[in-house]
Amino acid sequence: MGDAGVKSWRDFWGRSHRIYVNDRHLAVHCRVVADDILSLDPAPDAAVLDFGCGDALDAGRVAGRVARLYLYDAVPEVRARLRRRFDGQARIAIPDDQALAGPPMQGTIDLIVVNSVLQYVQDDEFRRLLALWRGLLKPGGRLVLADVIPPGDTLVPDTIGLLRFAWHEGFFLAAVAGLAATFFSDYRRLRQKLGLKVYGEEEMLKRLADAGFAAERRRPNFGFNQLRMTFVARPIPGTAR
5 MGDAGVKSWR DFWGRSHRIY VNDRHLAVHC RVVADDILSL DPAPDAAVLD
55 FGCGDALDAG RVAGRVARLY LYDAVPEVRA RLRRRFDGQA RIAIPDDQAL
105 AGPPMQGTID LIVVNSVLQY VQDDEFRRLL ALWRGLLKPG GRLVLADVIP
155 PGDTLVPDTI GLLRFAWHEG FFLAAVAGLA ATFFSDYRRL RQKLGLKVYG
205 EEEMLKRLAD AGFAAERRRP NFGFNQLRMT FVARPIPGTA R
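Read in order, the letters of the sequence shown correspond to residues 5 to 245 in my numbering.
Below is the structure:
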């Protein structure tokens, strides 16, 4: 696949790609994400938003533990797959951009999870999203920003971490082949062109504070890569939405 038509990360995620090296990798990834969300211990009556959810194959398990699960992805093609997959599941909703920003959802969400998303989001968009999330949360609700990439060269440890994970989960050979394919892919070319956003711990805490959140780092991080970071933030009472 060439570069033609792939000008942004949203374009990339809307097309066929090899980020998940096979069906086993995707299934394991979705299982781990569901486990991580449930590790936050949402209340049985909670409304939860998985923002940037991807294919969310294991979302039914999360929905079974809460009152309402919203699955949002910025890519229309992904939302269409989600609607086909979860059609008829009363506890799962797949809002589009308009619904997510609309008045009916304001102040209704107990927990927002944003996992492995911020590396693809530029500064202006991040500020906009922080305001959006702040408005969606109930007083006392939580915003969880997970798998945040720290500064520095993480390519080698990221690769080693993936291979260890793949060995444990039974897709090691596919992971090796997938890494080789990624070298020649749109992902590598787009990463060189646009880069990935990285954040130091203090920088992220300041950004959250500036947006009206009290935040702290959470350990462990979501997923297998413990060099990356997770933050838990709550709206500061009395700050403007």
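Every residue, glycine too, gets a C-beta built ideally from N, C-alpha and C.
As the structure is a prediction and not an experimental result, all values here were calculated from the model.
TODO: Would you kindly work out how many angstroms separate the C-alpha atoms of residue 59 and residue 97, rounded to a whole number?
DONE: 14 Å
Open item on the list: For a quick check, are the C-beta atoms of residue 146 and residue 115 less than 8 Å apart?
Closed with: yes
- [ ] Ignore the nearest five residues each way along the sequence and tell me which others in residue 226's own chain have a CB closer than 6 Å to its CB.
- [x] 40, 119, 150, 151 and 234
Open item on the list: Just verifying my parser: in three-state terms, what is the DSSP assignment at residue 169?
Closed with: helix
Task: At least 3 beta-carbon pairs within less than 8 Å: the stretch 23-37 vs the stretch 48-66 - done: yes
Task: Residues near residue 67 in its chain [Cβ-Cβ closer than 7 Å; skip 5 each side] - done: 73, 93, 95 and 96
- [ ] Assign residue 149 to one of three DSSP states: helix, strand, or coil.
- [x] strand
Task: N-terminal and C-terminal residue of the beta strand (DSSP E) that residue 238 is part of - done: 233-239
Task: For residue 130, the first and last residue of its enclosing alpha helix (DSSP H) - done: 127-140
- [ ] Would you be able to state if there are at least three C-beta pairs under 8 Å between the stretch 72-87 and the stretch 96-111?
- [x] yes
Open item on the list: Looking only at its chain, what residues have a beta carbon closer than 7 Å to the beta carbon of residue 36, apart from the 5 residues adjacent to it on each side?
Closed with: 227
Task: Proximal residues to residue 8 (C-beta, below 6 Å), its chain only, five neighbours per side dropped - done: Low local confidence applies: a pLDDT of 48 at residue 8 is under 50, so the model's placement there is unreliable, and no value is given.
TODO: Note down the Cα distance separating residue 45 from residue 229, rounded to an integer number of angstroms.
DONE: 21 Å
TODO: Please confirm whether residue 123 and residue 201 have their CB atoms less than 8 Å apart.
DONE: yes
- [ ] Report all residues from its chain with a CB closer than 6 Å to the CB of residue 213; omit the five preceding and five following residues, and keep chain order.
- [x] none
TODO: Count the other CB atoms, across all protein chains shown, that sit within 10 Å of the CB of residue 47; report buried if there are 16 or more and exposed otherwise.
DONE: exposed
Open item on the list: In this structure, how does DSSP classify residue 226 when only helix, strand and coil are distinguished?
Closed with: coil
Open item on the list: For residue 219, which residues in the same chain have their Cβ closer than 6 Å to its Cβ, ignoring the five residues on either side in sequence?
Closed with: 209, 212, 235 and 237
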